[in-house]
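Engineer: My questions will all concern the structure given below.
Now the structure itself:
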């Protein structure tokens, strides 16, 4: 699970880094976290998580502080998290997670991306059975004992643990996100990224040409400012 996740994240971060999209996404997440639980990370676990992710992504400290200050302004616009589901060409299931201040604009754009590629936008919840939602925590492997860590984290919902290129990936079920976050904090482990991911229950084989076609559609979606993450069941 870890290596597949690492490959997907690396591929997305390469694209995002070219257009600074990740800072925009993190800025919106900070705003939503502050509006939901206040500007103090000591009492707002969601904000702590987003700030960790921002630091791990090398987001400048002044941009993080500016986003928190902006969110505290009552006139700052609200963002709504909306999930869209549909099928790309060749029967590939696609789930698109967004945060938007204009759902009319966002749904129109997402529908356009699907239809332009020859796919179709489906109804909410129609693809839940095809994906498992899990929490993924990433932190440096230096100084960590994998076997000891695995035993210590089982009681907090550990599903899987993997090491790849100097980093450790810890996986839990969706509902154990908070338990694992608290456990890692108490152990003094500095998490560089923590988020919820959707993993396909099974995958669909496609040809190289079909994969390129589907990836073009996914890339167009990921370039949209309202889109946070795109998941699929392509092998």
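In the working numbering, the protein residues as written are -5 to 229. Virtual Cβ for every residue (Gly too), placed ideally from N, Cα, C.
Just how far apart, CA to CA, sit residue 69 and residue 199?
Structural biologist: In the chain shown, the residue the question calls residue 69 occupies position 75. In the chain shown, the residue the question calls residue 199 occupies position 205. If you take the alpha carbons of residue 69 and residue 199, they lie about 48 Å apart.
Engineer: Residue 80 and residue 113 look like a contact to me (Cβ under 8 Å); what is the Cβ gap, rounded to whole Å?
Structural biologist: Residue 80 sits at position 86 when you count from the first residue of the chain shown. Residue 113 sits at position 119 when you count from the first residue of the chain shown. Sure, about 6 Å apart at Cβ, within 8 Å.
Engineer: As a quick exercise: from 161, 147, 159, pick the residue whose alpha carbon is nearest that of residue 181.
Structural biologist: Position 187 of the chain shown, counting from 1, holds the residue named residue 181. Closest by alpha carbon: 147.
Engineer: Exposed or buried, residue 94, counting other C-beta atoms within 10 Å across all chains shown (16 or more means buried)?
Structural biologist: Taking the first residue of the chain shown as 1, we reach residue 94 at position 100. It is buried - the Cβ of residue 94 has at least 16 other Cβ atoms within 10 Å.
Engineer: Can you give me the C-alpha to C-alpha distance between residue 35 and residue 42, rounded to a whole angstrom?
Structural biologist: Position 41 of the chain shown, counted from the first residue, corresponds to residue 35. Position 48 of the chain shown, counted from the first residue, corresponds to residue 42. One C-alpha to the other measures close to 5 Å.
Engineer: Tell me whether residue 222 sits in a helix, a strand or coil according to DSSP, three-state version.
Structural biologist: Residue mapping note: residue 222 aligns to position 228 of the chain shown, counting from 1. Strand.
Engineer: How about residue 110 and residue 166: are their beta carbons less than 8 Å apart?
Structural biologist: Reading the chain shown from its first residue, position 116 is the one you call residue 110. Reading the chain shown from its first residue, position 172 is the one you call residue 166. No, Cβ-Cβ distance for residue 110 and residue 166 is not below 8 Å.
Engineer: Taking only three categories from DSSP, how would you classify residue 214?
Structural biologist: For the purposes of this step, residue 214 is taken as residue 220 along the chain shown, with counting starting at 1. Here residue 214 sits in helix by DSSP.
Engineer: Where in the region 76 to 118 do unbroken runs of the alpha helix (DSSP H), each at least 4 residues long, occur, reported from the N-terminal end onward?
Structural biologist: If we require 4 residues or more, the alpha helix (DSSP H) runs fully inside the region 76 to 118 come out as 97 to 110.
Engineer: Among the residues of its own chain, which have a CB less than 8 Å from the CB of residue 229, if the five just before and after it don't count?
Structural biologist: Here residue 229 corresponds to residue number 235 of the chain shown, with the count starting at 1. Once the five neighbours on either side are set aside, the close Cβ partners of residue 229 are 197, 198, 199, 200.
Engineer: Against chain C, with Cβ distances strictly below 8 Å, would residue 62 count as a contact?
Structural biologist: Given the protein chain composition of this structure (a single chain), no chain C is represented.
Engineer: Taking Cβ to Cβ, would you say residue 125 is nearer than 8 Å to residue 194?
Structural biologist: Numbered from 1 along the chain shown, position 131 holds the residue referred to as residue 125. Numbered from 1 along the chain shown, position 200 holds the residue referred to as residue 194. Taking 8 Å as the Cβ cut-off, residue 125 and residue 194 qualify as a contacting pair.
Engineer: Looking at the unbroken alpha helix (DSSP H) that takes in residue 43, where does it start and where does it end?
Structural biologist: Against the chain shown, residue 43 aligns to sequence position 49. Counting along the chain, the alpha helix (DSSP H) containing residue 43 begins and ends at 39 to 50.
Engineer: Compute the beta-carbon to beta-carbon distance between residue 87 and residue 226, rounded to the nearest angstrom, for a pair I have assumed lies under 8 Å.
Structural biologist: Position 93 of the chain shown, counted from the start, is the residue given in the question as residue 87. Position 232 of the chain shown, counted from the start, is the residue given in the question as residue 226. Yes, they are in contact, since the Cβ atoms of residue 87 and residue 226 sit about 6 Å apart, within 8 Å.
Engineer: On the criterion of 16 or more Cβ atoms from any shown chain inside 10 Å, does residue 298 qualify as buried, or is it exposed?
Structural biologist: Outside the shown range of the chain (-5 to 229) lies residue 298, about which nothing can therefore be said.
Engineer: Helix, strand or coil for residue 293 per DSSP?
Structural biologist: Any answer about residue 293 is impossible in this case: the structure gives the chain only from -5 up to 229.
Engineer: Could you spell out the range, first to last residue, of the beta strand (DSSP E) harbouring residue 131?
Structural biologist: Position 137 of the chain shown, counted from the first residue, corresponds to residue 131. Residues 125 to 134.
Engineer: Quick one: using the 10 Å Cβ neighbour count with 16 as the cut-off for buried, is residue 67 buried or exposed?
Structural biologist: For the purposes of this step, residue 67 is identified with residue 73 of the chain shown, where counting begins at 1. Classification of residue 67: exposed, given that the 10 Å Cβ count is below 16.
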